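Report on the following structure.
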Amino acid sequence: MFKPLTLGLSVAVVAAITGGYLFTQSDDLVKVAGQGVTDNSVAIATESYSAEQLSVMSPDTLIDMQKDALAAAREDSSRETDLTSVNGRPEFVSPAEWLILNSVSAQNENPDTELLRLVNLIRFNKRLELWQKETDPQQREALADAVLSLIPARVVNQDMSKEKAQSLQYRVLSSVLNDPAELRKRAGEEAARIGVQFGFDQASS
Amino acid sequence: MSDFKLKASALALSAALMAPVAAQAAVEGPSGMDFYDVPSINTTQNGDLIWYRNATVNLGAGAALAKAYNVMYRSTDSLGAQNAVTGTVLLPSTDWTGAGDRPTLSYAVGTHGLDQSCAPSMQLQAGTDYEIRNIRAALEKGYAVLVTDYQGYTTGATPTYLAGESQAHAALDIFRAASQIPHAGIDLNAPSAVWGFSQGGQTAAWVGQIADEYAPHLDLVGVASGGTPADFPVVADYLNGSTGASFLLGGIIGLAEQYPADIPVDQLASANGKAAIADYKTKCTFEFLFDYMNESLSSYTVGNKDLDELLQIPSIGQRINEQNLGGEGADVPVLLYHGTADEFIPIEQSVELKKDYCRRFDKVTYDVYPSEHIVTLFQAAPTVLTWLDERFAGQDPRNSCYSLSANPVSNANPGGGDFIVTLDEWNLDAELHLATLDQTVELPEDTTITADANITDESLVGDLYVPDFYAKLKILINLTVGLSVEPVGQIEATTQLSRDGILAINGSTQANVLINTAGFSWLPIPFNCKTIEPATFDLNYQGPISDFGAGGIVFEGVTEFSELECGWMTALFNSLVAGPGQQYSFRVVPPAPERL
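Going down the list, the protein sequences come from chains A and B. The first sequence maps to residues 1 to 205 in this note's numbering. The second sequence maps to residues 1 to 596 in this note's numbering.
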């Protein structure tokens, strides 16, 4: 019952997003789609879509694009660092998401920096989403590591507070570690990476 | 100094002032507390300036104040005996933009306390007067503002608290006194008005009743009287053993000072009562309010005589009843206003005063506030000042005597328990500023807070209500992404009221953030996307108690939204909405009044 409903809503949202126009209506921002990504460690999307093109696509096509982007995020999940620059749409960002991230970052006084931050943030959030949905223990552990690797950068970028970051670290580790001693040791190590002295009671509360 | 010596000195003062000596030119009074020593100077008429001095007052930053003076002037008490009264004259820095001369407003304060240090003139100097907000508001209007201390704050005297005519005389005579300050520029013939609440409301209403006879030289255009104690036996019964019990004790002390032979408090008071009186005379409002809360008058009297027994003593009953308002009309338009939740002064007897005036074909405007006593004092200011502006402009007031609205009924918290300020569906002017989207989201107008602020046990517990809504996020043209807020759990806070009237609230509330719609503006589609754990909004505030009624309580801060869970678009919305740096501002606004 739940999944078809969610899928249906997502279709509608994606359709709505692509049916809209860039809020700033800046041609430059649309043109960015399809350009290369300068960070060589990340797969580059070669397809170029304008808002108008996306708006006439079928919902299934758009959903497939979302799925493809999420699959790309999974492929990318073994890489442990943030991107250092973005000149085009990474494959883990769907065309619709790319339009929106460009639109939002264009309103920032430093649009390029903000776009890079948002791209790295959505990359992290996709890993988090994948980890949350993954049921295979082995895959889940790999995704847990992928999430953990990017948390320090989230703190540095002020995408999350140290408190939230530490709470997330503990939640992720708890999902893959059963041994309390090992859990405590890893939690301490991860907390240190974000500049926090680990307190077991604090993290578990 | 014993009461006997105080009375002796007061009598000596009265005798000195009564000597018919020609008026002298205004003189500058001494600095420091010597200003409050009554000199041996005779004057010829009520309101004549005895002396004045430049004053430094602290009304807070940004007050529209150009200059201030302290004054001592001749007045008369309720029995017609001459006395000397102190006060403050405040000249605005704001230009008068209305028609005619700059108006002069006599602002009659409410209960301040019987100790000399409680005098409005001293508290204005110290910046501790709890009515500063209303005085500032009047100055901002461009009025010259006169604040009498009332009788009894000169050195060695005791205030004749709640002696209605004495207070009205003081509030009227300060007009002449102010006009005699050299070069102050206050014209005795300028349009004038009197505004007060509680004790000040009593004063203002008395002014309305006697001004024509006592001060016919004034161009009095109206009086605004709020929280008015009009029927003294009724009010006394309401206060006795209740949260406002201290005002009853103060009233007995003050009226005994005015009528020592008829209210022989030395004979009536038990040892406990005498100790309480002595202590009471050393304290100001927010000290005795709590120290004498819920006490019954019988605990202070010989033989534990209760209020009814005291009122049955003819001389006492007569003097108490003499303070009743009504029985004669008001000579000028009157604005009466009262809070339905007033826990100190019952609203019904105020409505009866309105009816009394209406029977005499007076022009009475009546405003009903859904608030308790202290909140109404400050909440009413904008409405009162508008009403005064209209009087100064010569407009006819709305006459509530012809209103078909039902009479208001009290919904005050029951007396005899904790002092609780109830916020019953008060508006919350709330907004969030989303960090990444750099966009401000305003919560709907009918967002409300309902809470009990228990001043006695220092707690505040309540609920936040946010109606179903969505605020459109600016992401793409034609795209509607709706964000809403869903409160979680209760508001929990501590609340403290210091003895100088400073309110402190410290607590928090929680709420989830939702992306609840997405789609074209003409076809928003339900979309269930919600933070996985609620955001915490700290609710910390410290400021004067007047902020409660004036909509000045603002909770501001920065919070963090957890990640959201919403299906396929989770990562996108998390990137746009979740995270730290989310600013919020919640302003607590009392419900609007109703004009009958």
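We put the CB at the ideal spot given by N, CA and C, even for glycine. If you're wondering where the values come from, they're calculated on a predicted model, not measured in any experiment.
(request) Keeping to the same chain, check which residues put their C-beta closer than 7 Å to that of B:Pro-182; ignore five residues upstream and five downstream. (result) For the purposes of this step, residue 182 of chain B is identified with residue 182 of the second sequence, where counting begins at 1. These residues qualify, in order along the chain: Ala-26.
(message) Within 10 Å of its beta-carbon, does B:Phe-288 have 16 or more other beta-carbons around it, so buried, or fewer, so exposed?
(response) Reading the second sequence from its first residue, position 288 is the one you call residue 288 of chain B. Buried, since its Cβ has 16 or more Cβ neighbours within 10 Å.
(message) Does chain A have any CB closer than 9 Å to the CB of B:Phe-516?
(response) Along the second sequence, read from residue 1 onward, the residue named residue 516 of chain B stands at position 516. Position check: residue 516 of chain B holds Asn in this sequence, whereas Phe was assumed. Not closer than 9 Å to any Cβ of chain A, the Cβ of B:Asn-516 fails to qualify, so no.
(request) Using only alpha-carbon positions, find the residue among B:Tyr-150, B:Leu-297, B:Phe-286 and B:Ala-144 that is nearest to B:Pro-191. (result) For the purposes of this step, residue 191 of chain B is taken as residue 191 along the second sequence, with counting starting at 1. The shortest C-alpha separation from B:Pro-191 is found at B:Ala-144.
(request) Can you give me the Cβ contacts of B:Ala-22 inside the same chain, cut-off strictly under 7 Å, excluding the 5 residues immediately before and after it? (result) Taking the first residue of the second sequence as 1, we reach residue 22 of chain B at position 22. Only weak support is given to the placement of B:Ala-22: the predicted model assigns it a pLDDT of 38, under 50, and the value that follows is read from those uncertain coordinates. Result list for B:Ala-22: Thr-44, in chain order.
(request) For B:Gly-303, name the three-state secondary structure that DSSP assigns. (result) Residue numbering aside, residue 303 of chain B sits at position 303 when the second sequence is read from its first letter. B:Gly-303: helix per DSSP, three-state reduction.
(request) Can you give me the start and stop residues for the alpha helix (DSSP H) that B:Tyr-366 sits inside? (result) Here residue 366 of chain B refers to the residue found at position 366 when the second sequence is read from its first residue. Where B:Tyr-366 is concerned, there is no enclosing alpha helix (DSSP H), although the beta strand (DSSP E) it sits in stretches over 364 to 369.
(request) Would you check if there are 3 or more beta carbon pairs closer than 8 Å linking the segment 526 to 537 of chain B to the segment 567 to 578 of chain B? (result) yes
(request) Between the Cα of B:Leu-596 and those of B:Ala-435, B:Thr-56 and B:Leu-335, spot the shortest distance and give me the residue it belongs to. (result) For the purposes of this step, residue 596 of chain B is taken as the residue at position 596 of the second sequence. Nearest C-alpha to B:Leu-596: B:Leu-335.
(request) Taking B:Gly-581 as the query, report the chain D residues whose CB atoms sit under 8 Å from its CB, ordered along the chain. (result) No chain D appears in this structure, whose protein chains are A and B.
(message) On the criterion of 16 or more Cβ atoms from any shown chain inside 10 Å, does B:Gly-32 qualify as buried, or is it exposed?
(response) Position 32 of the second sequence, counted from the first residue, corresponds to residue 32 of chain B. By the 10 Å Cβ count, B:Gly-32 comes out exposed.
(message) Beta-carbon within less than 8 Å of B:Ala-84's beta-carbon, same chain only, minus the 5 sequence neighbours each way: which residues are those?
(response) Translated into positions along the second sequence, residue 84 of chain B becomes position 84. Only Leu-13, Leu-17, Val-38, Ile-50, Met-72, Tyr-73, Arg-74, Ser-75 and Thr-154 meet the Cβ criterion.
(request) Kindly confirm or deny that the segment 206 to 217 of chain B and the segment 226 to 242 of chain B touch, where touching means at least three C-beta pairs closer than 8 Å. (result) no
(request) Grab me the residues of B:Asn-399's own chain with a C-beta within less than 6 Å of its C-beta, minus the 5 sequence neighbours each way, in chain order. (result) In the second sequence, residue 399 of chain B corresponds to position 399, counting from 1. Cβ within range, chain order: Lys-363.
(request) Check whether the Cβ atoms of B:Gly-339 and B:Val-375 sit closer than 9 Å, and answer yes or no. (result) Position 339 of the second sequence, counted from the first residue, corresponds to residue 339 of chain B. Position 375 of the second sequence, counted from the first residue, corresponds to residue 375 of chain B. Yes, the Cβ-Cβ distance between B:Gly-339 and B:Val-375 is below 9 Å.
(request) Kindly confirm or deny that the segment 105 to 121 of chain B and the segment 347 to 367 of chain B touch, where touching means at least three C-beta pairs closer than 8 Å. (result) no
(message) Could you tell me the alpha carbon to alpha carbon distance between B:Arg-587 and B:Gln-123, rounded to whole angstroms?
(response) For this step, residue 587 of chain B is matched to residue 587 along the second sequence. For this step, residue 123 of chain B is matched to residue 123 along the second sequence. Using only the alpha carbons, I get a separation of about 28 Å.
(request) Taking only beta carbons into account, state which residues of the segment 112 to 133 of chain A come closer than 7 Å to chain B, listed in chain order. (result) Leu-118, Leu-121, Ile-122, Asn-125, Lys-126, Leu-128 and Glu-129
(message) Once DSSP output is grouped into helix, strand and coil, what is the label at A:Val-37?
(response) One-based indexing of the first sequence puts residue 37 of chain A at position 37. Note that A:Val-37 scores a pLDDT of 41, beneath 50, so its modelled location is shaky and nothing firm can be said.
(message) My assumption, with CB atoms under 8 Å, is that A:Asn-157 sits in contact with B:Ala-571. Please give the rounded CB distance.
(response) Position 157 of the first sequence, counting from 1, holds the residue named residue 157 of chain A. Position 571 of the second sequence, counting from 1, holds the residue named residue 571 of chain B. Rounded, the Cβ-Cβ distance is 16 Å, inconsistent with contact.
(request) Taking C-beta pairs closer than 9 Å, name the residues in chain B that A:Ser-149 reaches, listed in chain order. (result) The residue given as residue 149 of chain A occupies position 149 in the first sequence. Per Cβ cutoff of 9 Å: no residues; A:Ser-149 is ~17 Å from chain B at best.
(request) Whole angstroms is fine: what's the gap from B:Thr-495's alpha carbon to B:Gly-543's? (result) Locating residue 495 of chain B in the second sequence gives position 495, where the first residue counts as 1. Locating residue 543 of chain B in the second sequence gives position 543, where the first residue counts as 1. The straight-line gap from Cα to Cα measures roughly 12 Å.
(request) Sort B:Pro-591, B:Asp-262, B:Thr-450 and B:Val-554 by Cα distance to B:Ser-585 and report the nearest one. (result) One-based indexing of the second sequence puts residue 585 of chain B at position 585. Among B:Pro-591, B:Asp-262, B:Thr-450 and B:Val-554, the Cα nearest to that of B:Ser-585 is on B:Val-554.
(request) Compare the C-beta of A:Ser-161 against all C-beta atoms of chain B and say whether one is closer than 9 Å. (result) As a first step, residue 161 of chain A is located in the first sequence; it is residue number 161 there, counting from the start. Yes - at least one Cβ of chain B is within 9 Å of the one on A:Ser-161.
(request) Decide if B:Lys-601 is buried, meaning its Cβ has at least 16 other Cβ atoms within 10 Å, or exposed. (result) Outside the shown range of chain B (1 to 596) lies residue 601 of chain B, about which nothing can therefore be said.
(request) Could you check what DSSP says for B:Phe-288 in three-state terms: helix, strand or coil? (result) Indexing the second sequence from 1 puts residue 288 of chain B at position 288. In the structure shown, B:Phe-288 sits in a helix (DSSP, three-state: H, G or I).
(request) For B:Ala-157, count neighbouring C-beta atoms within 10 Å of its own C-beta (all shown protein chains included) and say buried if the count is 16 or more, exposed if not. (result) Within the second sequence, the letter at position 157 stands for residue 157 of chain B. Buried, by the Cβ-count rule.
(request) Jot down the residue ranges of each uninterrupted alpha helix (DSSP H) in the segment 313 to 399 of chain B, minimum 4 residues, whole runs only, in chain order. (result) 314 to 322, 347 to 359, 373 to 379 and 381 to 392
(message) Can you pull the chain A neighbours of B:Ser-484, defined as C-beta to C-beta under 8 Å?
(response) Taking the second sequence and counting its residues from 1, the one referred to as residue 484 of chain B is at position 484. Correct list: empty, because the minimum Cβ distance to chain A is about 16 Å.
(request) For B:Glu-425, collect the residues of the same chain with a Cβ closer than 6 Å to its Cβ; drop the 5 residues on either side in sequence, then sort them by chain order. (result) Residue 425 of chain B sits at position 425 when you count from the first residue of the second sequence. Around B:Glu-425: Thr-448 and Thr-450.
(request) Return the residues of the segment 288 to 314 of chain B that lie within a Cβ-Cβ distance of less than 9 Å from chain A, sorted by chain order. (result) none
(message) Taking a contact to mean a Cβ-Cβ separation below 9 Å, would you say B:Asp-389 touches B:Gly-208 in this structure?
(response) On the second sequence, position 389 is the one that residue 389 of chain B refers to. On the second sequence, position 208 is the one that residue 208 of chain B refers to. Result no, Cβ atoms of B:Asp-389 and B:Gly-208 do not sit closer than 9 Å.
(message) Can you confirm whether the segment 87 to 96 of chain A touches the segment 59 to 68 of chain A when touching is taken to mean that 3 or more C-beta pairs between the two stretches lie within less than 8 Å?
(response) yes
(request) Look at A:Val-119 and A:Pro-152 and say whether their C-beta atoms are less than 9 Å apart. (result) Counting from one through the first sequence, the residue named residue 119 of chain A turns up at place 119. Counting from one through the first sequence, the residue named residue 152 of chain A turns up at place 152. No, the Cβ-Cβ distance between A:Val-119 and A:Pro-152 is not below 9 Å.
(message) Buried or exposed for B:Arg-360, going by 16 or more other Cβ atoms inside 10 Å?
(response) Counting from 1 along the second sequence, the entry for residue 360 of chain B is found at position 360. Flag for B:Arg-360 reads exposed.
(request) Quickly, what does DSSP pair B:Ser-484 with across the bridge? List them, please. (result) If you number the second sequence from 1, residue 484 of chain B lands on position 484. For B:Ser-484, which the question treats as bridged, DSSP gives the partners B:Leu-514.
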